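Report on one structure; see the data block that follows.
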Amino acid sequence: MAKGLDVGTMNILSAQQDGNDTVFVQQRNSFVEIEYSDMAEQMLSRSEVLHIRKDDKVYVVGDDALNFANIFNKETRRPMKHGILSNDEQSAIPMMKLIIEQVVGEPAYPDEKLYFSTPADPIDSDLSTLYHQKTIESFLDDMGYDAEPINEGMSVIYSELADNNFTGLGISFGAGMTNVCLAYYAVPVMKFSVARGGDWVDEQAARATGTPVDKVTSIKEDDFELDFTTDVGGVEGALSIYYENLLDYVIDNIVEEVDEEDVEEGLDVPVVVTGGTSSPDGFEELFRDHLNDANIPFSISGVTHADEPLYSVARGGLVAARSDEDVDGEEAEAAAAE
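With our numbering applied, the sequence shown corresponds to residues 3 to 340, in that order.
This is how it looks when you write it as structure tokens:
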């Protein structure tokens, strides 16, 4: 057994193998605060709503948080911001621990291997990911796992480009950040992140239209399409505008980073895009059009969109964890034979 864990700003997901199937467990990475009452806590418990009580408050956590926020006309609170633990949220650490425990469960045996995603330091911000990475690693080690970080962009390579010998450009459009990794035979050639993702799109669209951010997020997740043909002046029109701006921003930074890394011009690689922010219909076509217009100094053999974009990073972590366990097992067998 082994597990992969995608520690995302919007969602936290785990992946593990069950026979020939990969099983995913998911929770929204958010919570909402409501007033405590005995009746409220009883109803939440009976309905199996994930929650914790602290003093005179009850915190509804995970998938139910957005529903409760809309019912009570409140904004959800998020343990993470810009892809890492939020330093503005005092309850970030206990909420993250609760959600992670729900998603990964107890290890099947001591020191079960688990690879968890971590973003690269963003090139457009002074944010550091080290504290976030070490805190998540500590959570998981305390639970009894042998936890290892894996770069989020590299996790996409492991998940989606096995048939291409783990060679290509993997781009994970998350909520808090967008992570990019160029790998050659599973060796990272270039990896970076930018501090823009789905949250940035939602915030800009909300500001432009005077709509609450949670409402914008709900609209985006409910059959929103990047077709640029409807809702001029409305929320969907604003989402389309800022989606296009995000793609241009990410591609411009890819071009700059490739130039700095002096990547070989003769390289011919596939590109795969994934992540929850890439889910709307029309995203793949829009990204391909903008990438074709960019002056990237290597050849692109094709652009594909992951079949299950929300699950790619967790699946890549699982691939890495299983590979690591196989190596450990072979080393143990070799040592025993000597």
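Don't be surprised by glycine CBs; every beta carbon is placed ideally from N, CA and C.
Predicted, not measured: the structure shown is a model, and the values here were computed from it.
Check, Outcome
"Start and end residues, beta strand (DSSP E) containing N153", "147-153"
"Beta-carbon separation (whole angstroms), V158 vs V51, contact threshold 8 angstroms", "Not a contact, Cβ separation roughly 33 angstroms."
"First through last residue of the beta strand (DSSP E) which encompasses I125", "From DSSP, I125 is part of no beta strand (DSSP E); its letter is neither H nor E."
"Buried or exposed (CB count within 10 angstroms, at least 16 for buried), L132", "exposed"
"Chain-order list of residues whose beta-carbon lies under 8 angstroms from that of G199 (same chain, five-residue window excluded)", "T11, G85, F175, G176, A177, G178, M179, T180, L248, G277, T279"
"Three-state secondary structure (DSSP) of R290", "helix"
"Residues near E1 in its chain [Cβ-Cβ closer than 7 angstroms; skip 5 each side]", "Summary: the structure shown does not reach residue 1, with the chain confined to residues 3 through 340, and so no result is reported for it."
"Same chain, Cβ closer than 7 angstroms to H53, five either side skipped, listed in chain order", "L46, V60, Y61, V62, V63"
"Outcome for T219 when other beta-carbon atoms lying within 10 angstroms are tallied against a minimum of 16", "buried"
"CB-CB length for H292 against I253, believed under 8 angstroms", "6 angstroms"
"Residue from K222, V191, S130, D261 with nearest C-alpha to D201", "K222"
"H134 (DSSP reduced to helix, strand or coil)", "helix"
"Distance between D204 and G235 (C-alpha atoms, nearest Å)", "15 angstroms"
"Beta-carbon gap between M156 and P124 smaller than 8 angstroms", "no"
"E154 classed as buried or exposed, judged by whether at least 16 other C-beta atoms fall within 10 angstroms", "buried"
"Member of S119, F70, L100 whose CA lies at the smallest distance from the CA of M145", "L100"
"Residue range of the unbroken alpha helix (DSSP H) whose run includes M3", "M3 -> no alpha helix (DSSP H), and no H or E assigned at all."
"Cβ pair E286, V273 closer than 8 angstroms", "no"
"For L288, the nearest candidate out of S242, S325, E37, Q19 (CA to CA)", "S242"
"Cβ-based burial, A334 [other Cβ within 10 Å; buried from 16]", "Model confidence at A334 stands at a pLDDT of 41, short of 50, so the residue's coordinates are unreliable; what they give is reported in the following sentence. Per the 10 Å Cβ criterion, exposed."
"Of the listed residues Y187, E258, E150, nearest to F168 (C-alpha basis)", "Y187"
"Span of the beta strand (DSSP E), counted from its first residue to its last, around N181", "180-186"
"N166 in three-state terms, based on DSSP", "helix"
"When N255, A240, P282, L312 are compared against I298, the one with the closest alpha-carbon", "N255"
"Proximity of V271 and S303 at Cβ, strictly below 8 angstroms", "yes"
"CA nearest to the CA of V25, picked from A322, R324, R317, V305", "R317"
"Contact belief for E227 with D283 at Cβ below 8 angstroms, rounded distance in angstroms", "4 angstroms"
"Counterpart residues of M192 in DSSP-defined beta bridges", "L184"
"First and last residue of the uninterrupted alpha helix (DSSP H) at F70", "65-73"
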